[in-house]
Amino acid sequence: MSDDMPRHLDLKKDRGLAVTWTDGSQSFFPIAYLRKMSPSAEMRELRQQMQDNPLTVLPKNMAEHDGPITATDAELVGNYAIRIRFSDGHHTGLFSWDYLRQIDVPDQGDPEAPGS
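Following this note's numbering, the numbering of the sequence shown begins with 3 at its first residue and continues without gaps.
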């Protein structure tokens, strides 16, 4: 496990998760991106299926959800992860700090943050 842990987390349920890391760097993860990149077994399998076949049928809960995906709740899991509950009912992925660093994409800054 990396020594780099969040110093500050700020979840805006309708926009995304802002993280300030102990090294001073910052990351922003839009809610839709977090939902898509959930580390749950179900989503890992779905991402693989979609990579192999772009015409993969989405699971019923994803296909029937109206409106944009939002976060409805979040909880810290020990000192190593955060679990986010999404408006479509998904809640099984644990976003470890290492995994968040792996999926961090530069320039996904919070569109409503000063200087963005």
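The C-beta atom is built at its ideal place from N, Cα and C for all residues, glycine as well.
Contact check, residue i vs residue j, beta carbons under 8 Å
| i | j | result |
| --- | --- | --- |
| residue 99 | residue 39 | no |
| residue 73 | residue 13 | yes |
| residue 18 | residue 32 | yes |
| residue 24 | residue 37 | no |
| residue 95 | residue 45 | yes |
Exposed unless 16 or more other CB atoms sit within 10 angstroms - verdict on residue i
| i | result |
| --- | --- |
| residue 92 | buried |
| residue 80 | exposed |
| residue 102 | buried |
| residue 27 | exposed |
| residue 107 | exposed |
| residue 69 | exposed |
| residue 59 | exposed |
Rounded Cβ spacing between residue i and residue j (contact assumed at less than 8 Å)
| i | j | result |
| --- | --- | --- |
| residue 90 | residue 71 | 6 Å |
Closer than 7 Å: residue i CB and nearest the ligand NAD heavy atom
| i | result |
| --- | --- |
| residue 35 | The ligand NAD is not among the ligands present in this structure, which contains no ligands whatsoever. |
Quiz item: Fully enclosed by the stretch 17-84, which alpha helix (DSSP H) runs are 4 residues long or longer?
Solution: If one requires a minimum length of 4 residues, the alpha helix (DSSP H) runs lying completely within the stretch 17-84 are 33-38, 43-54, 62-65, in chain order.
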